[in-house]
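Residue numbers (my numbering): 16 to 252.
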């Protein structure tokens with residue numbers, strides 16, 4: 016039995032509120048169980064110097080956690096004058112995951128920055144950030160299309176992410192913190208709406224795993240990512 020009482024292949028309850036903030040071109044508050052992340056997308060008519068003049072657009076991301084997103088207060092990274100290694104790793108992951116679903120030629124020479132701010136953490140914050148970040152990106156691109164600033168839709172395939180792991184010897188879908196903190200194997204699976212893999216982060220956290228177990232986790236991830244893609248579609252249609 017899972018600590019949450021969920022079935023092995025059962026996602027946490029997912030809810031998404033779009034247009035959560037007034038000023039951003041796209042915004043969404045995603046709740047996956049007790050993990051809550053605010054995602055906003057900002058459009059700028061500039062690109063990084065390394066692609067300037069190429070005609071290609073760019074999608075990047077920033078990630079952060081509020082001081083009381085967890086059960087004890089974390090010091091703001093701004094107070095220490097630098098981002099931690101975990102923060103940098105996660106925001107790079109979010110950026111390259113979202114870019115995998117974008118036709119950068121169709122986007123044109125502009126940048127969209129997706130900010131993911133964790134309001135409350137209970138496991139799977141990077142997965143929630145990617146899933147919610149795609150929705151914010153979709154809404155921002157819709158505005159570009161409505162204004163006629165882009166000719167064809169630059170978003171070619173939705174992007175969603177879900178965690179899976181092995182807890183008490185059982186493969187589980189969508190780990191919350193009590194499961195994640197005790198999992199023998201932990202993985203994050205990033206996929207497109209059409210079922211293609213973008214990235215898999217999978218590691219043993221105290222016990223090794225077999226090829227069969229890895230395949231079981233992949234099957235769970237496909238199920239979960241498919242459910243998330245359907246939700247993404249329903250809130251951005």
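Using N, Cα and C, we set each Cβ at its ideal position, and we do this for glycine too.
Roughly how many whole angstroms lie between the Cα atoms of residue 187 and residue 23?
5 angstroms
Simplified DSSP state of residue 46, which is helix, strand or coil:
strand
Going by DSSP, what residue range makes up the beta strand (DSSP E) through residue 74?
73 to 80
In angstroms with no decimal places, state the Cα-to-Cα distance between residue 232 and residue 162.
42 angstroms
Looking at the strands, I want to know which residues DSSP matches up with residue 207.
174
According to DSSP, which residues form a beta bridge with residue 131?
54, 78
Identify, in the order they occur along the chain, each residue of the same chain with its Cβ nearer than 6 angstroms to the Cβ of residue 52, setting aside the five sequence neighbours on each side.
45, 131, 133, 143, 144, 147
Please report the distance separating the alpha-carbon of residue 180 from that of residue 212.
17 angstroms
Short check: CB of residue 56 to CB of residue 72, under 8 angstroms?
no
Give the secondary structure of residue 212 by DSSP, where H, G and I count as helix, E and B as strand, and everything else as coil.
strand
Could you please give the first and the last residue of the uninterrupted beta strand (DSSP E) stretch that includes residue 31?
29 to 33
Which residues in the same chain as residue 170 place their Cβ atom closer than 8 angstroms to its Cβ, once the five residues preceding and following it in sequence are excluded?
116, 117, 118, 152, 153, 156
Since residue 122 is in the alpha helix (DSSP H), which residue starts that stretch and which ends it?
119 to 122
Could you give the residue range of the beta strand (DSSP E) that holds residue 190?
Residue 190 -> no beta strand (DSSP E), and no H or E assigned at all.
Taking residue 99 and residue 92 to be in contact with their CB atoms under 8 angstroms, please state how far apart those CB atoms are, rounded to whole angstroms.
6 angstroms
For residue 50, does the count of other Cβ atoms within 10 angstroms reach 16, so buried, or fall short, so exposed?
buried
Where the alpha helix (DSSP H) through residue 223 begins and ends
Unbroken run through residue 223: none, as it is neither H nor E.
Should residue 15 go down as buried or exposed, given a rule of 16 or more other Cβ atoms within 10 Å for buried?
Here the chain has residues from 16 to 252 only, and residue 15 is not among them.
Member of 167, 236, 58, 126 whose CA lies at the smallest distance from the CA of residue 215:
236
By the three-class DSSP mapping on this structure, what secondary structure does residue 25 have?
coil
CB-CB length for residue 139 against residue 201, believed under 8 angstroms
That belief does not hold up - the Cβ atoms of residue 139 and residue 201 are roughly 10 angstroms apart, past 8 angstroms.
Between the CA atoms of residue 16 and residue 159 - distance to the nearest angstrom
47 angstroms
Check whether the Cβ atoms of residue 105 and residue 251 lie closer than 8 angstroms to each other.
no
Looking at C-alpha atoms only, which residue of 122, 127, 110 is the closest neighbour of residue 167?
122
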